[in-house]
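First up is the structure itself, then whatever we jot down about it.
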Amino acid sequence: MSERDEGFVDLGRHAIRIDGDTLTVAVRGVLTGEDMRQLLDLFARIKREHGSLFVLYDGRQCTSVDADARKAATQGRFHEREADLRVAFGVPYVIRTILNMILRAQKVLFNRDVKVHLFEHGNEAHAFLEKERARIRREKGLKTSP
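When we follow our numbering, the leftmost residue of the sequence shown carries the number 263, and every step to the right adds one.
Here is the structure:
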């Protein structure tokens, strides 16, 4: 089954699927600054419309995150685009290392402790997302499904 069959649409070279308060992003190739800004705009819109934001990243085809994307991730109004939960799977080792550097920089520079839960396989990531999303929605007094 292809991404298109699963309801994904293109966002530049990447593919996304929005399901209520949940955004799934299949990163293909290099994640650029423009890609990151478009994603952050989506984050803000989804959070504004639903009161919560859950993000699942499929990193199996991700090859790099450029400097402009890393910079974009650390700028702006964090509270408007802050995800309640971030889960990723299939992320190559080099990209995990870059992600770790970005998250550490945000903690040091902005006192923001951002967590991304990393899994090797999609089925593990999906199961974790489902469980934690239901728990977080209950805690926030939101419907358990979008």
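Don't be surprised by glycine CBs; every beta carbon is placed ideally from N, CA and C.
Please list, in chain order, all residues of the same chain as residue 313 whose beta carbon is under 8 Å from its beta carbon, the five residues on each side excluded. Once the five neighbours on either side are set aside, the close Cβ partners of residue 313 are 283, 402, 404.
According to the neighbour-count rule (16 or more other Cβ atoms, all chains shown, within 10 Å of its Cβ), is residue 277 buried or exposed? With 16 or more other Cβ atoms from the protein chains shown falling within 10 Å of its own Cβ, residue 277 counts as buried.
Enumerate in chain order the residues of its own chain whose CB-to-CB distance from residue 286 is below 6 Å, with the five nearest sequence positions on each side excluded. If we look at residue 286 and ignore the five residues flanking it on each side, its Cβ neighbours are 279, 318.
C-beta atoms of residue 302 and residue 343 nearer than 8 Å: It is a contact, given that the beta carbons lie within the stated cut-off.
Please say whether residue 390 and residue 379 have beta carbons closer to each other than 8 Å? The criterion of a C-beta distance shorter than 8 Å is satisfied by residue 379 and residue 390.
Backbone secondary structure at residue 315 - three-state DSSP: DSSP, read as helix, strand or coil, puts residue 315 in coil.
Terminal residues of the beta strand (DSSP E) in which residue 332 lies: Looking at the DSSP string, residue 332 is not in any beta strand (DSSP E); the run it does join, the alpha helix (DSSP H), is 329-335.
Counting along the chain, where does the beta strand (DSSP E) carrying residue 277 start and finish? For residue 277, the enclosing beta strand (DSSP E) starts and ends at 276-281.
Please classify residue 263: does DSSP put it in a helix, a strand, or coil? Any reading at residue 263 needs caution, since the residue's pLDDT is 39, under 50, leaving its predicted position unreliable; the model's value is listed next. Here DSSP, grouped into helix, strand and coil, assigns residue 263 to coil.
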